[in-house]
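A.B. asks:
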Amino acid sequence: MAQERMLKFVGKGQSFPEKREPNLRAEDFREIANRYAPEKAAEQASRCSQCGVPYCSVHCPLGNHIPDWLRLTAEGRLREAYELSNLTSSMPEICGRICPQDRLCEGNCVIEFSGHGAVTIGSVEKYITDTAWTEGWVEPIEAGPARGQSVGIIGAGPGGLTAAEQLRIAGYEVHIYDRYDRAGGLLTYGIPGFKLEKDVVMRRVDRLQVAGVVFHLNFEVGRDASLDELRAKHDSILIATGVYKARDIKTPGSGLSGIHAALDYLTASNRKSFGDAVPAFDNGTLNAEGKNVVVIGGGDTAMDCVRTAIRQGAKSVKCVYRRDRENMPGSQREVANAEEEGVEFVWLAAPKAFDGTERVEKVHVSKMRLGAPDASGRRSPEQDPEGDFILDADMVIMALGFEPEDLPGLFGSPDLNVTRWGTIRADHVTGMTNLEGVFAVGDIVRGASLVVWAIKDGRDVVEHMHRWMAANVRTTKAAA
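Position 18, counted from 1, in the sequence shown is what the UniProt record's numbering calls 18; the numbers after and before it change by one each time, with no gaps.
(1) Which value, in whole angstroms, describes the spacing of the CA atoms of Met303 and Val335?
(2) Under a Cβ-count criterion, where at least 16 other Cβ atoms within 10 Å of its own Cβ denotes burial, should Arg325 be classed as buried or exposed?
(3) In the DSSP assignment, the beta strand (DSSP E) including Cys99 goes from what residue to what residue?
(4) Compute the Euclidean distance between the alpha carbons of Ala118 and Lys362, then round it to the nearest angstrom.
(5) Locate the beta strand (DSSP E) running through Leu391, then write down its first and last residues.
(6) Are the beta-carbon atoms belonging to Met395 and Ala288 less than 7 Å from one another?
(7) Hey, would you say Ile397 sits closer than 7 Å to Cys319, going by beta carbons?
(8) Quick one: give me the first and last residue of the alpha helix (DSSP H) that Lys272 is part of.
(9) Quick check: residue 534 and Lys291, are their CB atoms within less than 7 Å of each other?
(10) Where does Pro404 land, buried or exposed, given buried means 16+ other C-beta within 10 angstroms?
(11) Looking at C-alpha atoms only, which residue of Ala350, Thr301, Gly297, Val293 is the closest neighbour of Ile310?
(12) Rounding to the nearest angstrom, what Cα-Cα distance links Leu227 and Leu400 in this structure?
(13) Do you know offhand how far Thr188's Cα is from Ala375's?
(14) Give me the Cα-Cα distance between Tyr127 and Glu93, rounded to the nearest whole angstrom.
(15) According to the neighbour-count rule (16 or more other Cβ atoms, all chains shown, within 10 Å of its Cβ), is Leu78 buried or exposed?
(16) Mapping the DSSP letters down to three states, classify residue 483 as helix, strand or coil.
(17) Using the rule of at least 16 other Cβ atoms within 10 Å of the residue's Cβ for burial, across every protein chain shown, is Asn23 buried or exposed?
(18) According to DSSP, which residues form a beta bridge with His65?
(19) If you draw a straight line from the C-alpha of Met433 to the C-alpha of Thr423, how long is it?
(20) Less than 7 Å between the beta carbons of Leu256 and Gly356, yes or no?
(21) Could you check where the alpha helix (DSSP H) with Leu167 kicks off and where it finishes?
(22) What does a CB cutoff of less than 7 Å around Glu165 pick up in its chain, not counting 5 residues either side in sequence?
(23) Counting along the chain, where does the beta strand (DSSP E) carrying Pro279 start and finish?
(24) How would you label Gln50, buried or exposed, when you count the other beta carbons within 10 angstroms and need 16 or more for buried?
(25) Within this structure, are the beta carbons of Ala454 and Pro158 separated by less than 7 Å?
(26) Scan the stretch 293–366 and note each continuous alpha helix (DSSP H) run of 4 residues or more that stays entirely inside, going in chain order.
(27) Considering just the uninterrupted stretch of the alpha helix (DSSP H) at Ala440, what are its terminal residues?
(28) Distance, Cα to Cα, Phe439 vs Arg97?
(29) What residue range is occupied by the uninterrupted alpha helix (DSSP H) comprising Ile128?
(30) Quick one: give me the first and last residue of the beta strand (DSSP E) that Met91 is part of.
(31) Arg459 and Thr162 - do their beta-carbons sit closer together than 7 Å?
(32) For Leu84, which three-state DSSP category applies?
(33) Taking 8 Å as the cut-off, does the stretch 171–186 touch the stretch 205–219 (at least 3 CB pairs, one atom from each stretch)?
(34) For Gly152, which three-state DSSP category applies?
(35) So the beta strand (DSSP E) Phe194 belongs to, where does it begin and stop?
(36) When you compare only the Cα positions, how much space is there between Leu416 and Arg231?
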């Protein structure tokens, strides 16, 4: 029986099934989870102490009214709970799945402080919104009275999609331009389906299309139109591209076959799940099956890579990270999940060289130790003279984070100001760049960050875009 193969829930007081045996089929897991979800949601919601100072809400970037919708859930008033959740979050079911709650709301739960385990806020958030979709409570977007003005959004990730919804409600014509063949950005191609089912993303995209948002996919700004050409076409522009350029390290042997960027690997896997033809997966290049896989990095993307490799049937999966577990940037919950699934973590280690004839065969690893704290307060890793070691590897995945691309060059807009890190320089209140009527949000301003921050930025910028367009409608039209 599938039910008998369910693993016990992990974490003190945690009652939502987040782990499953590798041989438990996805449909089995979902059927079991759905069967017990109502009682588990109410059980977890009732654990909320309704404390005087809601630290969970304070540490939520969106300022979600968490204790209030937990109380409504505990009382069985799910529609009201959903409506309250939806007031502050444009994608609550997505945040419930992928937010690092252990670093945000759940990590600051008073129940957690008391040693009894946090309320599983993310699981309840996911449940009430999934229920809303099932029951038909998620209403179509109602576009406001037409204003006769249009907005061009560059990037169909969480920041761009969120802003598009709010702008459409305000009555603006909205066009989204994205380089990929599907909208969603990293939600679609960068996050594995076992964490974020792709139909969950696509139904949000479909809802925007029904509301009249126009998507221009396979569209590259700079190739198909310059930024100036889009500015002439629209009353305002929002840049929400995210950051996609993979960080790299100059290591001997890094040009060997079998060494891949994390996003290339994850995109191939996600495309395969859509049913796309993926030659690089089918010929084994981007498929971990039967291979000794070494993932370099310690963030959430690295965790996505190691857990995907496990699911593809890798022979072994090792994660090499230069700091220790306590200083790892990724979610500790994700680390625990990966360990349970068979991933081996190699702490205080960094690649020194890659070896092989034509393909990578071994990774030469240097032992590291933590030295003095850097400017951020984190202890800097330094090489440990005690010695090095070698790991067997048929596939190496570089998950060292992401950096901005050269947008002024790509967009054919050399006058667009960027910081020394390559992120767009935008006003920290209004989000406007140095170009009149051009705004920017999300990772392309912040640097690589969380989806929830992109959603917040997308919601916040709309008010400032609206004010600017209201004050500059005649000037903008004259310039066009």
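Even glycine gets a Cβ: it sits at the ideal position worked out from N, Cα and C. Everything numeric in this text was worked out from a predicted model, so none of it was measured.
C.D. replies: Let's see:
(1) By one-based count along the sequence shown, residue 303 stands at place 303. By one-based count along the sequence shown, residue 335 stands at place 335. The straight-line gap from Cα to Cα measures roughly 7 Å.
(2) Against the sequence shown, residue 325 aligns to sequence position 325. Per the 10 Å Cβ criterion, exposed.
(3) As a working mapping, residue 99 is identified with position 99 in the sequence shown. Note, Cys99: premise wrong, no beta strand (DSSP E); not H, not E.
(4) Walking along the sequence shown from the start, residue 118 turns up at place 118. Walking along the sequence shown from the start, residue 362 turns up at place 362. Those two C-alpha atoms are separated by around 42 Å.
(5) As a working mapping, residue 391 is identified with position 391 in the sequence shown. Per DSSP, Leu391 belongs to the beta strand (DSSP E) from 379–392.
(6) As a working note, residue 395 is residue 395 in the sequence shown. As a working note, residue 288 is residue 288 in the sequence shown. Against a cut-off of 7 Å, the Cβ pair of Ala288 and Met395 comes out as a contact.
(7) Here residue 397 refers to the residue found at position 397 of the sequence shown. Here residue 319 refers to the residue found at position 319 of the sequence shown. The answer is no: Cβ separation not under 7 Å.
(8) Residue 272 sits at position 272 when you count from the first residue of the sequence shown. It spans 262–274 - the alpha helix (DSSP H) in which Lys272 sits, taken as one unbroken run.
(9) No answer is possible for residue 534: the residues shown for the chain start at 1 and end at 480.
(10) As a position in the sequence shown, residue 404 is number 404, starting the count at 1. Under this definition Pro404 is a buried residue.
(11) Position 310 of the sequence shown, counted from the first residue, corresponds to residue 310. Of the candidates Ala350, Thr301, Gly297, Val293, the one whose C-alpha sits nearest the C-alpha of Ile310 is Val293.
(12) For the purposes of this step, residue 227 is taken as residue 227 along the sequence shown, with counting starting at 1. For the purposes of this step, residue 400 is taken as residue 400 along the sequence shown, with counting starting at 1. The straight-line gap from Cα to Cα measures roughly 30 Å.
(13) The count along the sequence shown starts at 1 and reaches residue 188 at position 188. The count along the sequence shown starts at 1 and reaches residue 375 at position 375. Thr188 and Ala375: Cα-Cα distance of roughly 35 Å.
(14) Mapped onto the sequence shown, residue 127 falls at position 127. Mapped onto the sequence shown, residue 93 falls at position 93. The alpha-carbon atoms of Tyr127 and Glu93 are separated by roughly 7 Å.
(15) Taking the first residue of the sequence shown as position 1, residue 78 is located at position 78. With 16 or more Cβ atoms within 10 Å of its Cβ, Leu78 is classed as buried.
(16) Lying outside 1 to 480, the shown extent of the chain, residue 483 is not represented and no answer is given.
(17) For this step, residue 23 is matched to residue 23 along the sequence shown. At Asn23, the pLDDT of 46 sits below 50, so the modelled position is not reliable; the number obtained from the coordinates is stated separately. Burial call: exposed.
(18) Translated into the one-based positions of the sequence shown, residue 65 becomes position 65. Bridge partners of His65: none, in fact.
(19) Counted from its first residue, the sequence shown places residue 433 at position 433. Counted from its first residue, the sequence shown places residue 423 at position 423. Just to set this straight, residue 433 is Thr in the shown sequence, not Met. So the alpha carbons of these two residues sit roughly 11 Å apart.
(20) Translated into positions along the sequence shown, residue 256 becomes position 256. Translated into positions along the sequence shown, residue 356 becomes position 356. Going by C-beta atoms, Leu256 is nearer than 7 Å to Gly356.
(21) Here the question's residue 167 lines up with position 167 in the sequence shown. Residues 158–169.
(22) As a first step, residue 165 is located in the sequence shown; it is residue number 165 there, counting from the start. Within the same chain, Glu165 has close Cβ partners Ser90, Ile141, Leu208.
(23) Taking the sequence shown and counting its residues from 1, one reaches residue 279 at position 279. Unbroken run through Pro279 is the alpha helix (DSSP H), 279–282; no beta strand (DSSP E).
(24) Taking the first residue of the sequence shown as 1, we reach residue 50 at position 50. Answer is exposed; the Cβ neighbour count stays below 16.
(25) The residue labelled residue 454 in the question sits at position 454 within the sequence shown. The residue labelled residue 158 in the question sits at position 158 within the sequence shown. Yes, Cβ-Cβ distance for Ala454 and Pro158 is below 7 Å.
(26) 300–311, 332–341
(27) Counting from one through the sequence shown, the residue named residue 440 turns up at place 440. Ala440 -> not in any alpha helix (DSSP H); beta strand (DSSP E) instead, spanning 438–440.
(28) Your numbering for residue 439 matches position 439 in the sequence shown. Your numbering for residue 97 matches position 97 in the sequence shown. So the alpha carbons of these two residues sit roughly 29 Å apart.
(29) Along the sequence shown, read from residue 1 onward, the residue named residue 128 stands at position 128. Residues 121–135.
(30) To locate residue 91, count along the sequence shown from 1; it is residue 91. Note, Met91: premise wrong, no beta strand (DSSP E); not H, not E.
(31) Sequence index remark: in the sequence shown, residue 162 carries index 162 (1-based). Sequence index remark: in the sequence shown, residue 459 carries index 459 (1-based). Yes, the Cβ-Cβ distance between Thr162 and Arg459 is below 7 Å.
(32) Within the sequence shown, the letter at position 84 stands for residue 84. DSSP places Leu84 in helix when its eight states are reduced to three.
(33) yes
(34) As a position in the sequence shown, residue 152 is number 152, starting the count at 1. It is a strand residue.
(35) As a position in the sequence shown, residue 194 is number 194, starting the count at 1. Element bounds for Phe194: n/a, residue is neither H nor E.
(36) Taking the sequence shown and counting its residues from 1, the one referred to as residue 416 is at position 416. Taking the sequence shown and counting its residues from 1, the one referred to as residue 231 is at position 231. Roughly 13 Å between the two C-alpha positions.
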